[in-house]
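Residue 4 is where the sequence shown starts when you use my numbering, and the numbers rise one by one after that. One structure below.
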Amino acid sequence: RRPYRKRNTGTLFSRFSFVRFSSLQMHRFLLFALVAALCGNAAPFSHAASPLVAGNMELVLLAHPKTIQNKTDLQTLAEKLEAESLPAKQAYEKAVEQFRSAEESAREAHNNPILTDLKKREAMDTLQQAAIRARNAENNYRRIVADMENQLRKRKDESVDEVLADIAKATKELAEKNGYDLVLVSSSRRAVIPIPSVVFCSEALDVTDALIAATKGDRATAEKTFEESKKIVDELNARREAALSEKGNEL
């Protein structure tokens, strides 16, 4: 592989959209919601007729005021880190240009019958030195980008965990207040099989609005963000199906 080959990595924030959560975080959230409900005053295995309810926890999470603020903070951090990485990026691009120029000069020298072997070796030496500089610049830039990605990932995980803990607390308080034995999650955005954890829930048992109100969230903003995220997932699924179909036709 040539060291000057560029890669379209996109912006840092585009790869760390705050509204995309890892499967580990979603599983952790489901556990938080269930445990919060079971930690109420009523015994989990009591035979008392306590109601079971369900809520769209993804909507509750997106409606949370800290989720909205954290998204803005994360984008600001990404832009800051992007600016700090600019000198390393420019150095890498310059080293790539120098390598390409040296490569062309070495090719011309090799094909020039007038030049002496000494001149041709000098051109090759220049090419090798340019390759080393380009490789070092690439490694340095990659190291800086990896460090920035780790910072963004850590900040995102900390922010999401903080929001999840607050929602779990609100779920527990709601369960204790109303005597719920169990609060189920009625939403699921799994890319491969988008089947909700609760297939059907009547409006009487839906506590989504109650949880949004308890966390002082904004449902309208959450629904907009949810639909935007759903479109992204649908587009990814469509691309995956098209790629599989094309591969199947080739076979």
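Every residue gets a Cβ at the ideal spot worked out from N, C-alpha and C, and that includes glycine. As the structure is a prediction and not an experimental result, all values here were calculated from the model.
Other residues of its chain near Ala213: CB distance less than 7 Å, five sequence neighbours each side excluded: Leu177
From Tyr144, Ser232, Leu208 and Val99, residue whose alpha carbon lies closest to that of Leu55: Leu208
Buried versus exposed, by CB contacts within 10 Å (16 or more), Asp309: Residue 309 lies beyond the stretch modelled for the chain, which goes from 4 to 254, so this question has no answer here.
Exposure label - Asn114; buried when at least 16 CB within 10 Å: Answer is exposed; the Cβ neighbour count stays below 16.
Neighbour-count burial assignment, Arg136, 16 or more Cβ in a 10 Å radius: buried
Close Cβ partners of Ala109 (< 6 Å) along its chain, the five nearest in sequence each way excluded: Ala126, Met127 and Leu130
Ser123 to Ala112 span [Cα, whole Å]: Note that residue 123 is Lys in the sequence shown here, rather than Ser. About 6 Å.
Backbone CA spacing between Val148 and Glu179 [nearest angstrom]: 46 Å
For Val186, the three-state DSSP class (helix, strand or coil): strand
Through-space distance from Tyr95 to Ser104, alpha-carbon basis: 14 Å
Same chain, Cβ closer than 8 Å to Asp169, neighbours up to 5 away in sequence not counted: Closer than 8 Å at the Cβ level, and outside the excluded window around Asp169, lie His67, Lys69 and Thr218.
8 Å contact criterion, which Gly58 and Thr211 should meet: CB distance rounded: 4 Å
Burial state of Ala245, where buried means 16 or more other Cβ atoms lie within 10 Å: Result: exposed.
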